[in-house]
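Reviewing the structure listed below.
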Amino acid sequence: MTKRFVIALIKHETNTFSPIPTPLSAFGHGNGPSYGEDARAAFANSNTPFAAFLDIARREGAEAVTPVAAESWPSNMATRATFEALLQPLEEAVRAGCDACFLDLHGAMVVEGCDDAEGEILRRVRRIRPDLPIAVTFDYHANLSRDIVANASVITGYKTYPHVDMYDAGLAAGDILARSLRGQARPVMAWGWLPLVSSVMRHAPEDGPSGDILAYARAMEHSGRVRAATLLPGFAHADTPYTGVSAVVVADAGADAGAQAAAQEVCDRMLAIAWERRAEYVFHPQPLEVSVARARALGAGRHDGPILLIDHCDNCGSGGTQDVMRVVEEILKQNLDDVAIAPIRDPQAVAQMVEAGIGSNVKLMLGGKTDMPAIGLAGRPLELAGRVRNITDGEIVFTGPMYTGLKSHLGRTAVLDTGRAQIVVTERHHEPFDLVIFRHCGIEPTKKQFIMLKSRIHYRAGFKPIAAHIVECAGAGVTNADLSVYRYRKLARPIYPLDII
Ligand SMILES: [Zn+2]
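Take the position in the sequence shown, starting the count at 1, then add 619; the result is the number in my numbering.
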């Protein structure tokens, strides 16, 4: 009989300090969740676990049921009603009968009244079918809980940051589960968690301890000792008792009587490296004016590629408002020339520029429209004059290594040219990780002397290959790497580096 696989995507990285709400319409990047055939069409053949699950179903000759695909830009927690609206189609599909479930989740989702949304999703699915085989993939920035591991059969995650191996993570989890359904594998898992809040700015494999941990994990997978070894450095901007660095390892008890012990040993070793080198997970920012002056000096008289200025404290890819103007202000104050900036989210400014039309001169109070009460920061716009250089509908397709092939929607987009700087202003949130953010509105990034990006690490996917230098600029916002700006209430204490431990 044809097997039936339920494949679903519910993803949200929740920054509990963000002032941005998360209504149901925020999923689908502003267009709402996709259901059924639409969900399949939206993500098939993309670099995502969901697409990998579809391919596994096809390979296994199984019927793929896709009740929901819902992904939002990071923001604050969704209401319980929104969460239930996402969960209901999944529950109905499982209740209708299936042989296995494949879930593409984030791992740092918090919803109203629940600090562990992924744990709740898995609990609810297992409540309907206590024995259901479930494969789950998590983002690299997941905060793992006991409930998650207890209610899943196989867990894997990304091994890259920027995340360019999402499909591979899906293939790894899906393949182990599919083999177990054929009676050719018996997955067992081991996991562990550390009281360690690590900075996202130190998560990239080339920057901190993660590279060596991932190299060890890959070596253990290639040796055949375990089937999948996943490091989850966590998400510091979700204030939950589960926030921390964790690891989860899958081994095959069907092939190896010592599988459980092997999984635990590999997991323990991964976390031991993280703990020994925990000081390397702390980011030490430089004063903003020093960083911008350094970028200016690096750019003097050279033409071998743009200097990147990274405005990492206001990254909408982690819940930032994307309208904090502090770094832009410093760049203009220090008279940097030939600068491209992307993106500032400001629907009012876009409306004003659209009204004025291409070629018009305008005066704007740009950005600074959002207050951030959780960190005691008020929005402060920057008064700018310039010419409207371009206006687009903001419909883009990623061609770089991240989310390759997927469409995205910036909303209406306008370029303000101040003479020294060309500023891409959008209606919607979007982290710049693909050159298309500039190219779609007529700016060639490779030709610019300076590029300012509102991003932390994901910009590296598209922009690192074209950059001559990278300068991290500490502005302000709800993705600040300085953890002392956050008033944590729910973290498990003591925890490093906030406490002596
Ligand atoms: Zn991530």
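Even glycine gets a Cβ: it sits at the ideal position worked out from N, Cα and C.
Check your understanding: Which residues share a DSSP beta bridge with residue 997?
Key -> By 1-based counting over the sequence shown, the position of residue 997 is 378. According to DSSP, which records beta bridges pairwise, residue 997 is partnered with nothing at all.
Check your understanding: residue 998 and residue 987 look like a contact to me (Cβ under 8 Å); what is the Cβ gap, rounded to whole Å?
Key -> Here residue 998 is taken as the residue at index 379 of the sequence shown, counted from 1. Here residue 987 is taken as the residue at index 368 of the sequence shown, counted from 1. That belief holds up - the Cβ atoms of residue 998 and residue 987 are roughly 4 Å apart, short of 8 Å.
Practice item. Answer with buried or exposed for residue 856, where buried requires no fewer than 16 other C-beta atoms within 10 angstroms of its C-beta. Key: Locating residue 856 in the sequence shown gives position 237, where the first residue counts as 1. With 16 or more other Cβ atoms within 10 Å, it is buried.
Check your understanding: Taking the alpha-carbon positions, what's the residue 815 to residue 1113 distance?
Key -> In the sequence shown, counting from the first residue as 1, residue 815 sits at position 196. In the sequence shown, counting from the first residue as 1, residue 1113 sits at position 494. Rounded to the nearest angstrom, the two C-alpha atoms are 9 Å apart.
Point to revise | residue 694 vs residue 650 beta-carbon contact at 8 Å | key: Reading the sequence shown from its first residue, position 75 is the one you call residue 694. Reading the sequence shown from its first residue, position 31 is the one you call residue 650. Cβ distance not < 8 Å, so residue 694 and residue 650 don't count as in contact.
Practice item. Please find out if some non-hydrogen atom of ligand 1 comes closer than 7 Å to the beta-carbon of residue 1048. Key: Taking the sequence shown and counting its residues from 1, one reaches residue 1048 at position 429. For ligand 1, not one heavy atom lies less than 7 Å from the Cβ of residue 1048.
**Study point:** Same chain, Cβ closer than 8 Å to residue 710, five either side skipped, listed in chain order
**Key:** Translated into positions along the sequence shown, residue 710 becomes position 91. Around residue 710: 743, 744 and 747.
**Study point:** Segment contact flag, the region 1039-1049 with the region 889-907, C-beta cutoff 8 Å, min 3 pairs
**Key:** no
Check your understanding: Are the Cβ atoms of residue 1058 and residue 1036 separated by less than 8 Å?
Key -> Numbered from 1 along the sequence shown, position 439 holds the residue referred to as residue 1058. Numbered from 1 along the sequence shown, position 417 holds the residue referred to as residue 1036. In this structure, residue 1036 does not lie closer than 8 Å to residue 1058 by Cβ.
Practice item. Please report how far the alpha carbon of residue 931 lies from the alpha carbon of residue 1022, in whole angstroms. Key: Reading the sequence shown from its first residue, position 312 is the one you call residue 931. Reading the sequence shown from its first residue, position 403 is the one you call residue 1022. Spanning the two alpha carbons is a distance of roughly 21 Å.
Check your understanding: Excluding sequence positions up to five away, which residues of its chain have a Cβ less than 8 Å from the Cβ of residue 686?
Key -> Taking the sequence shown and counting its residues from 1, one reaches residue 686 at position 67. Result list for residue 686: 625, 627, 654, 655, 658, 708, 709, 711 and 712, in chain order.
Exercise for review: Give a yes or no on contact between the region 873-886 and the region 777-790, applying the rule of three or more CB pairs nearer than 8 Å.
Suggested key: no
Exercise for review: Going by DSSP, name the residue or residues bridged to residue 1016.
Suggested key: As a position in the sequence shown, residue 1016 is number 397, starting the count at 1. DSSP output for residue 1016 lists 1026 as bridge partner(s).
Practice item. Could you check how far apart the C-beta atoms of residue 927 and residue 1055 are, in whole angstroms? I think they sit under 8 Å. Key: Position 308 of the sequence shown, counting from 1, holds the residue named residue 927. Position 436 of the sequence shown, counting from 1, holds the residue named residue 1055. That pair is no contact at about 17 Å.
Practice item. Evaluate the contact criterion for the region 765-775 versus the region 784-796: three or more CB pairs, one atom per stretch, below 8 Å. Key: yes
Point to revise | Paired residues, beta bridge with residue 1041 - DSSP | key: Sequence index remark: in the sequence shown, residue 1041 carries index 422 (1-based). Note: residue 1041 sits in a beta bridge opposite 959 and 1036.
Review point. Anyone know if the C-beta pair for residue 1097 and residue 817 falls short of 8 Å?
Key: Counting from 1 along the sequence shown, the entry for residue 1097 is found at position 478. Counting from 1 along the sequence shown, the entry for residue 817 is found at position 198. In this structure, residue 817 does not lie closer than 8 Å to residue 1097 by Cβ.
Check your understanding: Should residue 757 and residue 721 be called a contact, given that it needs their Cβ atoms to be closer than 8 Å?
Key -> Locating residue 757 in the sequence shown gives position 138, where the first residue counts as 1. Locating residue 721 in the sequence shown gives position 102, where the first residue counts as 1. Result no, Cβ atoms of residue 757 and residue 721 do not sit closer than 8 Å.
**Study point:** Whole-angstrom C-beta distance between residue 1092 and residue 910, which should lie under 8 Å
**Key:** Taking the first residue of the sequence shown as 1, we reach residue 910 at position 291. Taking the first residue of the sequence shown as 1, we reach residue 1092 at position 473. That belief holds up - the Cβ atoms of residue 910 and residue 1092 are roughly 5 Å apart, short of 8 Å.
Check your understanding: Where does residue 894 sit, in a helix, a strand or coil, going by DSSP?
Key -> Against the sequence shown, residue 894 aligns to sequence position 275. Residue state, collapsed to three classes: helix.
Check your understanding: How long is the line joining the alpha carbons of residue 646 and residue 704, rounded to whole angstroms?
Key -> Within the sequence shown, the letter at position 27 stands for residue 646. Within the sequence shown, the letter at position 85 stands for residue 704. Rounded to whole angstroms, residue 646 to residue 704 spans 11 Å at the Cα level.
Practice item. Compare the C-alpha of residue 984 against each of 948, 803, 1018 and 959 and name the closest. Key: What you label residue 984 is simply residue 365 of the sequence shown in a count that begins at 1. Among 948, 803, 1018 and 959, the Cα nearest to that of residue 984 belongs to 948.
Point to revise | Beta-bridge pairing of residue 625 - partner residues as DSSP gives them | key: Residue 625 sits at position 6 when you count from the first residue of the sequence shown. According to DSSP, residue 625 bridges with 684 and 720.
**Study point:** Distance cut 6 Å, beta-carbon to ligand 1 heavy atom: residue list by chain order
**Key:** 758, 759, 760 and 782
**Study point:** Exposure of residue 1051, with buried meaning 16 or more beta-carbon neighbours within 10 Å
**Key:** Taking the sequence shown and counting its residues from 1, one reaches residue 1051 at position 432. Classification of residue 1051: buried, given that the 10 Å Cβ count is 16 or more.
Review point. Since residue 858 contacts residue 1108 with CB under 8 Å, what's their CB separation in whole angstroms?
Key: One-based indexing of the sequence shown puts residue 858 at position 239. One-based indexing of the sequence shown puts residue 1108 at position 489. Between residue 1108 and residue 858 the Cβ distance is about 6 Å, and since that is below 8 Å, they are a contact.
Exercise for review: Check each candidate in 761, 740, 912 and 763 and name the one with the smallest Cα separation from residue 753.
Suggested key: Residue mapping note: residue 753 aligns to position 134 of the sequence shown, counting from 1. The shortest C-alpha separation from residue 753 is found at 740.
Review point. What are the start and end residues of the alpha helix (DSSP H) that includes residue 946?
Key: The residue you call residue 946 lines up with position 327 of the sequence shown. Its alpha helix (DSSP H) spans residues 945-952.
Check your understanding: Which same chain residues, not among the five before or five after residue 1094, have their C-beta less than 7 Å away from its C-beta?
Key -> Taking the sequence shown and counting its residues from 1, the one referred to as residue 1094 is at position 475. The answer, listed in chain order, is 907, 930, 932, 933, 943, 945 and 946.
Review point. Between residue 1099 and the rest of its own chain, which residues show a CB-CB distance below 6 Å, the 5 nearest in sequence each way excluded?
Key: Against the sequence shown, residue 1099 aligns to sequence position 480. The answer, listed in chain order, is 932.
**Study point:** Beta-carbon gap between residue 1019 and residue 1080 smaller than 8 Å
**Key:** The count along the sequence shown starts at 1 and reaches residue 1019 at position 400. The count along the sequence shown starts at 1 and reaches residue 1080 at position 461. Yes.
Check your understanding: Comparing alpha-carbon positions, which option in 1070, 724, 1048 and 803 lies nearest residue 956?
Key -> Counting from 1 along the sequence shown, the entry for residue 956 is found at position 337. Ranking the options by Cα distance to residue 956, first place goes to 1070.
Review point. Rounded to a whole number of angstroms, what is the C-alpha to C-alpha distance between residue 914 and residue 840?
Key: Looking up residue 914 in the sequence shown gives position 295. Looking up residue 840 in the sequence shown gives position 221. One C-alpha to the other measures close to 41 Å.
**Study point:** Coil, strand or helix - residue 713 by DSSP
**Key:** One-based indexing of the sequence shown puts residue 713 at position 94. Residue state, collapsed to three classes: helix.
Exercise for review: Rounded to whole angstroms, what's the CA-CA distance from residue 765 to residue 715? Just pull it up for me.
Suggested key: Start at 1 with the first residue of the sequence shown, and residue 765 comes out as number 146. Start at 1 with the first residue of the sequence shown, and residue 715 comes out as number 96. Taking the straight line joining both Cα atoms gives about 28 Å.
Practice item. Work out the CA separation of residue 878 and residue 806 for me, nearest whole Å. Key: Locating residue 806 in the sequence shown gives position 187, where the first residue counts as 1. Locating residue 878 in the sequence shown gives position 259, where the first residue counts as 1. Computed Cα separation, rounded: 9 Å.
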